[in-house]
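Residue numbers for the sequence shown follow this note's numbering, beginning at 227 and rising by one. We put the CB at the ideal spot given by N, CA and C, even for glycine. Bear in mind the structure is a predicted one, so any value in this text is a computation, not a measurement.
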Amino acid sequence: MERLFLAVFFLCLVLSPGSGLTQEKSGLDPGSSLFYQGETLFHKGDFLGAKAVFEDFLDLYPNESRRSKAFFRLGQIEIKNRFYSSGLKYFELFTKHFPQSTWNYHAQLKIAECLFHMERYEEAEKRFRATIKVNPDVTHKWEAYSYLARLDDLRMNYDDALNKFKKIIEKGSDEQLLEHARQSIEIIVEDKLTKQQLLNLNRVLGAEYPGDLILKRLIQIYRNERDIGNYQVALENFIVRFPDHGFSEEARLALQGLRDQEENGIRIGVVLPLSGQRALVGQQVLQGIQLAYSQFSAANKQQIKLEVRDSGLGRDATAVVEELARDPNVVGIVGPILSWEIQSIIPILEKYRMPVFSPTASTSGLADLSPFVFRNALTKELQARFLARYAVNHLNLYRLAVLYPTEYYGEILREDFEREVRALGGEIVTSISYDRKQNDFREQILNLGGVPDDRLKWMVNRFLRRGAKPPHLNDKGNISRPIIDGGLFSGSGSEGLKVALEVNYDAIFIPGFYDKVGLMIPQFAFYNIENVLFLGANGWNSPELIEMARHYLNSVLFVDGFFPEGKDPGTKKFVEDFEKRFGSKPTVLSAQAYDAANILFQAVLQGGFNRLEILKHLSGIENYHGVSGVTTMLPSGDTDRSLVKLSVREGRIVPVNGPNPPLD
227 MERLFLAVFF LCLVLSPGSG LTQEKSGLDP GSSLFYQGET LFHKGDFLGA
277 KAVFEDFLDL YPNESRRSKA FFRLGQIEIK NRFYSSGLKY FELFTKHFPQ
327 STWNYHAQLK IAECLFHMER YEEAEKRFRA TIKVNPDVTH KWEAYSYLAR
377 LDDLRMNYDD ALNKFKKIIE KGSDEQLLEH ARQSIEIIVE DKLTKQQLLN
427 LNRVLGAEYP GDLILKRLIQ IYRNERDIGN YQVALENFIV RFPDHGFSEE
477 ARLALQGLRD QEENGIRIGV VLPLSGQRAL VGQQVLQGIQ LAYSQFSAAN
527 KQQIKLEVRD SGLGRDATAV VEELARDPNV VGIVGPILSW EIQSIIPILE
577 KYRMPVFSPT ASTSGLADLS PFVFRNALTK ELQARFLARY AVNHLNLYRL
627 AVLYPTEYYG EILREDFERE VRALGGEIVT SISYDRKQND FREQILNLGG
677 VPDDRLKWMV NRFLRRGAKP PHLNDKGNIS RPIIDGGLFS GSGSEGLKVA
727 LEVNYDAIFI PGFYDKVGLM IPQFAFYNIE NVLFLGANGW NSPELIEMAR
777 HYLNSVLFVD GFFPEGKDPG TKKFVEDFEK RFGSKPTVLS AQAYDAANIL
827 FQAVLQGGFN RLEILKHLSG IENYHGVSGV TTMLPSGDTD RSLVKLSVRE
877 GRIVPVNGPN PPLD
């Protein structure tokens, strides 16, 4: 930059005020090659390269006939790189030293553009108005006029801004300016105008552009507010005013849906696969919702209706959700159940401002994708955070090891568990992977400090013979050591020794499934790693785990989202009511669906008259006591909730009493 402005200073000394842009000479001038190289790079969009070449050109050829054009190009490059202050200096110097140039009008426009982006709006406005008045180039006039519209927009003079952008669309010809004007009008109508301003413009514009956008926005507002009367009138007006508009067919469908309804009560949509290969899962979720609804009083059932839709065989969840979303009486939806379905419907949710609450979709980061997505699913992140908090904050286990499968489930759990442990002041001593296909975990257990009986006995005898003590545990290789308790040593051997193995960590987190954990835990015992706590996620929760490793599950703790044998009074009543109604025990999916439905029902009963109020209520959920835990809604739309802590006692999986980690 210093070199560039030295060149500028030199030019200011040698250039006469009367100089102007001249015709490029035919033939080979001394600087032709360098100048055309800069032009080529500029038009290719390599502005950094072009800038360096034009700087060299000005340094080497201060009297060259194309110096003014090179100088102008440097100003353009600074603007393209958003260095508006530097661009302003170049164009001000250009107008000073080349006042007769035919490019001078363009330079004046560029000065105004720089001032605009530097937020020197009053100065910019004067120059834009001067451009419109004196600049002979029609495109430059419309460009200046577009900036005046943008100034009105920034000053919240939306009526003036709309009129200017509308005039550009009606009379302008530059496609880039036309597209910018159309986009600006859409943003103003969609995001900036008040309801009263929209109503005023709707009366004034009628069938004129952007009357269609205004009326569409009013339709959206009436739908979100659940103002059925005005919603219906607005739909009818749109069809009459804009019969050939692309939105008219959607308006006709919405209008027909209103006319088909027998009554206009509040509705909660339910979108589940009730046919096809996922019908069993869909049915489990639906049963939880139906139980919650069945417990309503007759008066509440008059106030809220369920609208159940099948998204299974031959039905697309996107179409099903949009069908519900067109109905302003539907103020929220339970479902869909799959993460990819949630992802596919996000444009629909954004369009209709429709909140959805999924009790099952568990993909990482799903709720972050839209402010209209909520869930109380048992995510991997939730389990990892819960276990880490419980281990560190309540069990005072600060040194932990991790043994994880190299698959998505295990790796996500590992990453979140390790991150949370470190955030809480704990330490991950070691983290070791295994292949999901493995059945023998000898190598991993040895790396975790395991020692077989014969090796452990040999180590003890060696220490006794030497009169030495086992080495101290540390993080530099001594991950385990033998502990000797009692016994006698005489010459050739020892008698009555009690030997155990000490490791330099307090617990092992194994984010795998019961089939491999059931093989793994007995192998830990074989290699004498017994005096540690084994931690697991919901993949452990299976009777098969007991069958595989019954005698080795003395010190295990794992979590799940629901446990039907739990002793909590609310859980016991839920299980009893569920069994009475459906003849089977509820699953975790049924429990989470029961809670999700009740949360939405309560939102309505507490004054959630429309989608906007439901959205506000869901965002504010805190310490909701449900059958699947105590739930608090995070800003992302995910829930942070307590989980059921489980262990094994006398050959049965049982809940663990004790405090739950606080929900941050």
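Three-state secondary structure (DSSP) of residue i
i	result
Glu-180	As displayed, the chain neither begins before 227 nor continues past 890, which places residue 180 out of reach and without an answer.
Gly-762	strand
Tyr-578	helix
Ile-937	Past the edges of the chain, shown from 227 to 890, lies residue 937, and the structure says nothing about it.
Thr-420	coil
Tyr-435	coil
Asp-666	coil
Asn-883	coil
Ser-584	strand
Leu-532	strand
Tyr-287	coil
Thr-357	helix
His-323	helix
Val-628	strand
Gly-558	strand
Thr-797	helix
Cys-734	Just to set this straight, residue 734 is Ile in the shown sequence, not Cys. Correct three-state label for Ile-734: strand.
Met-746	helix
Gly-855	strand
Arg-640	helix
Asp-866	strand
Phe-784	strand
Ser-816	helix
Cβ-based burial, residue i [other Cβ within 10 Å; buried from 16]
i	result
Tyr-578	buried
Val-677	buried
Ile-413	exposed
Val-655	buried
Asp-542	exposed
Glu-290	buried
Glu-770	exposed
Glu-848	exposed
Gln-249	Confidence is the limiting factor: at Gln-249 the pLDDT is only 36, short of 50, which leaves the residue's position unreliable and the question unanswerable from this model.
Trp-368	buried
Val-430	exposed
Tyr-435	exposed
Nearest-angstrom Cβ-Cβ length linking residue i and residue j, presumed shorter than 8 Å
i	j	result
Ala-817	Val-853	5 Å
Pro-748	Ala-775	5 Å
Phe-789	Leu-872	6 Å
Asp-732	Leu-626	6 Å
Asn-490	Asn-836	In fact, because the Cβ distance is near 12 Å, the residues do not count as touching under 8 Å.
Asn-619	Leu-650	7 Å
Pro-585	Val-511	6 Å
Gln-509	Leu-517	That pair is no contact at about 13 Å.
Lys-606	Leu-575	That pair is no contact at about 24 Å.
His-343	Tyr-310	4 Å
Tyr-347	Leu-377	6 Å
Residue i versus residue j: straight-line alpha-carbon distance, rounded
i	j	result
Gln-778	Gln-513	Looking at the sequence provided, one finds Tyr at residue 778 rather than Gln. Straight-line Cα distance between these residues: approximately 37 Å.
Ser-483	Asp-553	The displayed chain sequence assigns Gly, not Ser, to residue 483. Going from the Cα of Gly-483 to the Cα of Asp-553 covers about 7 Å.
Ala-375	Leu-341	15 Å
Phe-750	Val-758	10 Å
Gly-432	Asp-438	8 Å
Gly-834	Leu-860	20 Å
Ile-395	Ala-525	55 Å
Phe-324	Asn-330	7 Å
Ala-370	Asp-400	13 Å
Gln-670	Leu-629	8 Å
Val-870	Phe-784	8 Å
Leu-815	Phe-739	18 Å
Arg-878	Tyr-635	26 Å
Glu-644	Asp-486	55 Å
Gly-561	Ile-530	17 Å
Gln-302	His-366	15 Å
Asn-307	Leu-284	20 Å
For residue i: DSSP bridge partner residues
i	result
Asp-379	Paired residues: none, contrary to the question.
Arg-645	Per DSSP, none; premise fails for Arg-645.
Phe-600	Phe-583
Gly-675	According to DSSP, Gly-675 bridges with nothing at all.
Ile-492	Ile-530
Glu-728	Arg-707
Cβ-heavy atom distance, residue i to the ligand HEM, below 7 Å
i	result
Lys-392	What this structure holds is no ligand at all, so the ligand HEM is not there to describe.
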